[in-house]
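Asker: What follows is a single structure, and I will ask about it in a moment.
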Amino acid sequence: MPDERGHFGPYGGRFVAETLMGPIEELRQAYERYRNDSGFQAELEADLAHYVGRPTPLYFAKRWSEQLGGARIFLKREDLNHTGAHKINNTVGQALLARRMGKTRLIAETGAGQHGVATATVAARFGLECVIYMGAEDMERQAPNVYRMRLLGAEVVPVTSGSQTLKDALNEAMRDWVTHVDNTFYVIGTVAGPHPYPAMVRDFQTIIGREARAQILEQTGALPHALVACVGGGSNAIGLFHPFLKDEQVALYGVEAAGLGLETGQHAAPLCAGKPGVLHGNRTYLMEDKHGQILDTHSLSAGLDYPGVGPEHAWLRDAGRATYVAVGDEEALAAFRALTRIEGIIPALESCHALAYAMQLAPTLAQDQGIIVNLSGRGDKDINTVARIEGISL
Numbered sequence: 010m011p012d013e014r015g016h017f018g019p020y021g022g023r024f025v026a027e028t029l030m031g032p033i034e035e036l037r038q039a040y041e042r043y044r045n046d047s048g049f050q051a052e053l054e055a056d057l058a059h060y061v062g063r064p065t066p067l068y069f070a071k072r073w074s075e076q077l078g079g080a081r082i083f084l085k086r087e088d089l090n091h092t093g094a095h096k097i098n099n100t101v102g103q104a105l106l107a108r109r110m111g112k113t114r115l116i117a118e119t120g121a122g123q124h125g126v127a128t129a130t131v132a133a134r135f136g137l138e139c140v141i142y143m144g145a146e147d148m149e150r151q152a153p154n155v156y157r158m159r160l161l162g163a164e165v166v167p168v169t170s171g172s173q174t175l176k177d178a179l180n181e182a183m184r185d186w187v188t189h190v191d192n193t194f195y196v197i198g199t200v201a202g203p204h205p206y207p208a209m210v211r212d213f214q215t216i217i218g219r220e221a222r223a224q225i226l227e228q229t230g231a232l233p234h235a236l237v238a239c240v241g242g243g244s245n246a247i248g249l250f251h252p253f254l255k256d257e258q259v260a261l262y263g264v265e266a267a268g269l270g271l272e273t274g275q276h277a278a279p280l281c282a283g284k285p286g287v288l289h290g291n292r293t294y295l296m297e298d299k300h301g302q303i304l305d306t307h308s309l310s311a312g313l314d315y316p317g318v319g320p321e322h323a324w325l326r327d328a329g330r331a332t333y334v335a336v337g338d339e340e341a342l343a344a345f346r347a348l349t350r351i352e353g354i355i356p357a358l359e360s361c362h363a364l365a366y367a368m369q370l371a372p373t374l375a376q377d378q379g380i381i382v383n384l385s386g387r388g389d390k391d392i393n394t395v396a397r398i399e400g401i402s403l
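Below you can see the structure in the form of structure tokens.
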């Protein structure tokens, strides 16, 4: 747990304009009140079971494991959630909290569109107004998800400043929140931002790791050798990792986007090639130049195209409890094709970074060892991107 001011060691905290200190403190108090409230938890559990569709399966990828040799690979199927990604776990929780706080308007930022779709979905279900900020470049890359959000009744606002990706969308969402604090709840989609967001989003996502831990023990009678998850902001990874943190024998691997290569500077890997700084309300590892200016990022995957990372990951990195590596665009594409052809599962390009690292790790381990890979989302949203790379017009 972070300290009372939201610090994970030297990371995290609350670096925001004075006008936001009041709303953030209101949110912290509400979350502290309801996180242990039996009525709130009962409603959350019911929605996760009957609306989201949990528990998701832990699937043994037998053919893929046999082809790779070495460890057995298990996939935590978050892609089978309602809306097709792990993001819905968190948006259900935050929407329930918004209703208890009397908020009538949800805002969010999104990169790959999965968080935007999840927020628009819960807004529709609860009858709340919804505005989604999205970088113009990401809107082009994720056109099907933009259409889904609009079908669900959300206003999708294109952000044309900066690199026109997730970082810039988050800036615009922060500006909106400052202007409409009385009726608006800002649904942050990852484990970053000012306290209490990193801890609150993590808590809503730990359902992934709690289920995975029980399922692997039931299926194999033992804990896995390793967990592998992709890391942009890091919500799916921390959701999987957290219930295993005290199991020191379980290795934790977070996989960032190496893009065109760490040596090119065209990547999105702050833990592997960045340094500590302050962005979007918290102190964490960032991609910035020697003057402290945030650098543009590159990744094939819109959901990983972010220059920062959740502060708890920064703390786990420095403490040595988790290892962070980076996988490039081409390796992620190879994993996309492999899982699709061998197991009949089309993974999101974000998840493909974790799958690609599992392809490297499995052959180095024994056949009685297990790896759990978090399949954070489904790849339907990415088929236009992959087809374009392959020169195919859909």
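Count along the sequence shown from 1, then add 9; that gives the number in our numbering. Just so you know, even glycine gets a beta-carbon here, dropped at the ideal spot from N, CA and C. Note that the structure is a prediction, hence the values are computed from the model and not measured.
Helix, strand or coil for M110, going by three-state DSSP, please let me know.
Answerer: coil
Asker: Assuming P233 contacts I380 (C-beta within less than 8 angstroms), just tell me the rounded distance between them.
Answerer: 6 angstroms
Asker: In whole angstroms, give me the CA-to-CA distance for T332 and F250.
Answerer: Going by the C-alpha atoms only, they are around 11 angstroms apart.
Asker: Kindly confirm or deny that the stretch 383-402 and the stretch 105-120 touch, where touching means at least three C-beta pairs closer than 8 angstroms.
Answerer: no
Asker: Just to confirm my understanding: we take L295, look at its own chain, exclude 5 residues before and 5 after, and list those with CB closer than 6 angstroms. What are they?
Answerer: P279, G283, G286, L288, P316, G317
Asker: Rounded to whole angstroms, what's the CA-CA distance from F135 to G312? Just pull it up for me.
Answerer: Spanning the two alpha carbons is a distance of roughly 26 angstroms.
Asker: Which complete beta strand (DSSP E) runs does the stretch 222-298 hold, if anything under 3 residues is left out?
Answerer: 235-239, 260-268, 284-288, 291-295
Asker: Are there three or more Cβ pairs, one per stretch, closer than 8 angstroms when the stretch 332-347 is compared with the stretch 43-50?
Answerer: no
Asker: Am I right that N291 and G31 are in contact with their C-beta atoms under 8 angstroms? What's the rounded C-beta distance?
Answerer: Not confirmed; about 18 angstroms, so no contact.
Asker: Would T92 and T65 be called neighbours here (beta carbons separated by less than 9 angstroms)?
Answerer: no
Asker: Taking the alpha carbon of L160 as the point to measure from, which residue in L370, Q173, S360, I141 has its own alpha carbon closest?
Answerer: I141
Asker: Quick one: Cα of D391 to Cα of R150, how far?
Answerer: 8 angstroms
Asker: Given A70, which residues of its chain have a CB within under 6 angstroms of its CB, disregarding the five upstream and five downstream residues?
Answerer: I82, L84, E352
Asker: Report back the beta-carbon spacing between G78 and P372 to the nearest angstrom; my notes put them in contact at under 8 angstroms.
Answerer: 5 angstroms
Asker: Helix, strand or coil for E13 per DSSP?
Answerer: coil
Asker: Is the distance from the Cβ of L57 to the Cβ of I216 below 9 angstroms?
Answerer: Closer than 9 angstroms, so yes.
Asker: Whole angstroms are fine: how far does the CA of Q275 sit from the CA of G125?
Answerer: 25 angstroms
Asker: Got a sec, what are the start and stop residues for the alpha helix (DSSP H) E352 sits in?
Answerer: 338-352
Asker: So, at 6 angstroms on beta carbons, what are the nonlocal neighbours of G241 in its own chain, with the 5 sequence-adjacent residues on each side left out?
Answerer: G312, L313, Y315
Asker: Checking the sheet assignment: what are the DSSP bridge partners for C139?
Answerer: L115
Asker: Taking the alpha-carbon positions, what's the R86 to T349 distance?
Answerer: 14 angstroms
Asker: Enumerate, from N- to C-terminal direction, the unbroken alpha helix (DSSP H) stretches of 4 or more residues contained entirely within the stretch 60-131.
Answerer: 71-77, 96-109
Asker: Check whether the Cβ atoms of T174 and T273 lie closer than 9 angstroms to each other.
Answerer: no
Asker: Among residues of its own chain, excluding the 5 on either side of V210, which ones have a beta-carbon nearer than 7 angstroms to its beta-carbon?
Answerer: N99, I197, T199, V200, S244
Asker: Return the CA-CA distance between R346 and R397, expressed in angstroms with no decimal places.
Answerer: 14 angstroms
Asker: May I have the straight-line CA-CA distance separating S310 from A277, to the nearest angstrom?
Answerer: 10 angstroms
Asker: Helix, strand or coil for I303 per DSSP?
Answerer: Strand at I303.
Asker: Can you tell me the Cα-Cα spacing of A133 and G162, whole angstroms?
Answerer: Here the C-alpha atom of A133 lies approximately 7 angstroms from the C-alpha atom of G162.
Asker: Does the distance from the C-beta atom of F213 to that of G102 stay below 9 angstroms?
Answerer: yes
Asker: Tell me the rounded alpha-carbon separation between T293 and E321.
Answerer: 8 angstroms
Asker: Write down the C-beta distance between V334 and C281 rounded to the nearest angstrom, noting that I regard them as a contact closer than 8 angstroms.
Answerer: 7 angstroms
Asker: For the beta strand (DSSP E) that T193 lies in, which residues bound it at each end?
Answerer: 193-195
Asker: Any idea what DSSP makes of P356, helix, strand or coil?
Answerer: Three-state DSSP puts P356 in a strand.
Asker: Could you tell me the alpha carbon to alpha carbon distance between A223 and E138, rounded to whole angstroms?
Answerer: 38 angstroms
Asker: With H, G and I counted as helix, E and B as strand and the rest as coil, what does DSSP make of P320?
Answerer: Looking at P320 - three-state DSSP - the assignment turns out to be helix.
Asker: Would you mind reading off the limits of the alpha helix (DSSP H) that contains N154?
Answerer: 152-160
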